[in-house]
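**Student:** Per the numbering used here, the very first residue in the sequence shown carries number 174; after that it's consecutive. The beta-carbon is built from N, C-alpha and C at its ideal position, and this holds for glycine as well. Please read all numbers here as calculations on a predicted model, not as lab measurements.
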Amino acid sequence: MKNGKIIILGIDGLEYDLVKEWKLKHLELEASSRLELSDFGVIITPLIWASMLTGKKEDEIERIFLERSRYFSKTSDSLKKKQRQYWHAALMARILPKSIKTWVNKKLLPDPFKKTSHFLKKNNKRTLFDFFKNPWNNGVPAYNKCVTSDESKKMTGIAINGDLKPLHEFTMAMYERDKKELFDALKKDYDLIFWYTSFLDKISHFYIVKKRKLMNIYLDLNTMVKKIREGMGPDDVLYIISDHGMVAVEGSLKAGDHSDHAYFSSSTGETIQKPQELFDIVTKRGTKIP
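Right, dumping it as structure tokens:
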């Protein structure tokens, strides 16, 4: 690699179809692709971000989420077979009263987001960070970040009951904090910058049916990327990636769910087809051999 730095913008929930629909040229960069997620039994944040960092699907993370049936999101066709391996969880979900299931989930089954938040580091998994001399990240799911918190759960609960204002304020404050960390990092001498933010995913679950509000957020992200490009050196490389997008739930006027595809774009003209392929295009530009 030359003297430039690698910048990765990891935007949880960034929807490919909306970037294209709204013609957001700065987010599109020189080339973009719609990533398929068929390799994953369940489309869930820690599992997919882990695959980007290691270059392969982490089966143990998938297993942890499959066991906790109440966390199932949009699933691939392969999940039907895998669910049968965890018949005990499915049976519990069908026959136990909600109050009992809640107690069992809290007391007997660990929160899978917390359990997998530092999975890669705890298990000494080789990640793309190991290929760089001076890498930086602000916390990536499954590596060193838990994407859930009591406060975010509280704000989401209020939003479910119809009041979106607290969640909007919470997520926008998160976005501003994350942006500040990013631009501070860009001023320093890192050879790899991996920036992650989950604010878009959290608000898109509700704003996917409020397109005007969501468009304003996408426009701000587009402007942020423009500003980053203006500050890049001639040898710097920029990648933008998501773990999934967001689609409206059929028949619902209030909610969205994870889409079955993700987003990728590059300043180099490169494209990939699956999230785990990020590992190869980043590590080939590494500054050290792990």
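For Ala263, name the three-state secondary structure that DSSP assigns.
**Tutor:** Summary for Ala263: the model assigns pLDDT 47, below 50, so the residue's position carries little reliability; its value from the coordinates is reported in the next sentence. Of the three classes helix, strand and coil, the one that applies to Ala263 here is helix, per DSSP.
**Student:** Which residue or residues does DSSP assign as beta-bridge partners of Glu235?
**Tutor:** Beta-bridge pairing links Glu235 to no other residue.
**Student:** Which one of Pro463, Ile333 and Thr396 has the shortest CA to CA distance from Lys196?
**Tutor:** Comparing Cα-Cα distances from Lys196 to each of Pro463, Ile333 and Thr396, the minimum goes to Thr396.
**Student:** For the ligand GDP, any of its heavy atoms closer than 6 angstroms to the Cβ of Ile180?
**Tutor:** With respect to the ligand GDP, the structure offers nothing, as it holds no ligand at all.
**Student:** Helix, strand or coil: how does DSSP classify Leu340 here?
**Tutor:** Helix.
**Student:** Met345 by DSSP, collapsed to three states: which one?
**Tutor:** Helix at Met345.
**Student:** Compute the Euclidean distance between the alpha carbons of Leu355 and Asp232, then round it to the nearest angstrom.
**Tutor:** Roughly 31 angstroms separates the two Cα atoms.
**Student:** Apart from the five residues on each side of it in sequence, which residues of its chain come closer than 8 angstroms, Cβ to Cβ, to Glu423?
**Tutor:** No residues qualify anywhere along the chain.
**Student:** What is the DSSP secondary structure of Asn297, counted as helix, strand or coil?
**Tutor:** In the structure shown, Asn297 sits in coil (DSSP, three-state: anything other than H, G, I, E or B).
**Student:** Given Lys229, which residues of its chain have a CB within under 7 angstroms of its CB, disregarding the five upstream and five downstream residues?
**Tutor:** The answer, listed in chain order, is Gln449.
**Student:** How many angstroms separate the CA atom of Leu301 from the CA atom of Ala315?
**Tutor:** One C-alpha to the other measures close to 13 angstroms.
**Student:** Taking the beta carbon of Pro308 as the centre, do at least 16 other beta carbons fall within 10 Å, making it buried, or is it exposed?
**Tutor:** Flag for Pro308 reads buried.
**Student:** Assign Asp374 to one of two classes, buried (16 or more other C-beta atoms within 10 Å of its C-beta) or exposed (fewer than that).
**Tutor:** Buried.
**Student:** Whether or not the region 337–353 and the region 375–390 are in contact is what I'm after, with contact meaning three or more pairs of Cβ atoms, one per stretch, closer than 8 angstroms; do they touch?
**Tutor:** Yes: the two stretches touch, three or more of their Cβ pairs being nearer than 8 angstroms.
**Student:** Note down the Cα distance separating Leu451 from Leu200, rounded to an integer number of angstroms.
**Tutor:** Going by the C-alpha atoms only, they are around 17 angstroms apart.
**Student:** On a Cα-Cα basis, can you pick out the residue from Thr227, Tyr369, Leu359 and Gly406 that is closest to Lys294?
**Tutor:** That would be Thr227, whose Cα lies nearest to the Cα of Lys294.
**Student:** Roughly how many angstroms separate the alpha carbons of Ser246 and Asp430, rounded to a whole number?
**Tutor:** The predicted model places Ser246 with a pLDDT of 42, which falls under 50 and marks its position as unreliable, so this point remains unresolved.
**Student:** From the DSSP output, in three-state form, read off Val455 for me.
**Tutor:** Residue state, collapsed to three classes: helix.
**Student:** In whole angstroms, give me the CA-to-CA distance for Ile237 and Ser438.
**Tutor:** In a straight line, the C-alpha of Ile237 is about 30 angstroms away from that of Ser438.
**Student:** Buried or exposed: where does Gly330 fall if 16 or more other Cβ atoms within 10 Å of its Cβ makes it buried?
**Tutor:** Flag for Gly330 reads exposed.
**Student:** Give the straight-line distance between the Cα atoms of Ile445 and Met328, rounded to the nearest whole angstrom.
**Tutor:** The straight-line gap from Cα to Cα measures roughly 35 angstroms.
**Student:** Where does Arg257 land, buried or exposed, given buried means 16+ other C-beta within 10 angstroms?
**Tutor:** Since pLDDT at Arg257 reaches only 43, below the 50 mark, its modelled position is unreliable, and the value read off the structure follows with that caveat. When all chains shown are included, Arg257 counts as exposed.
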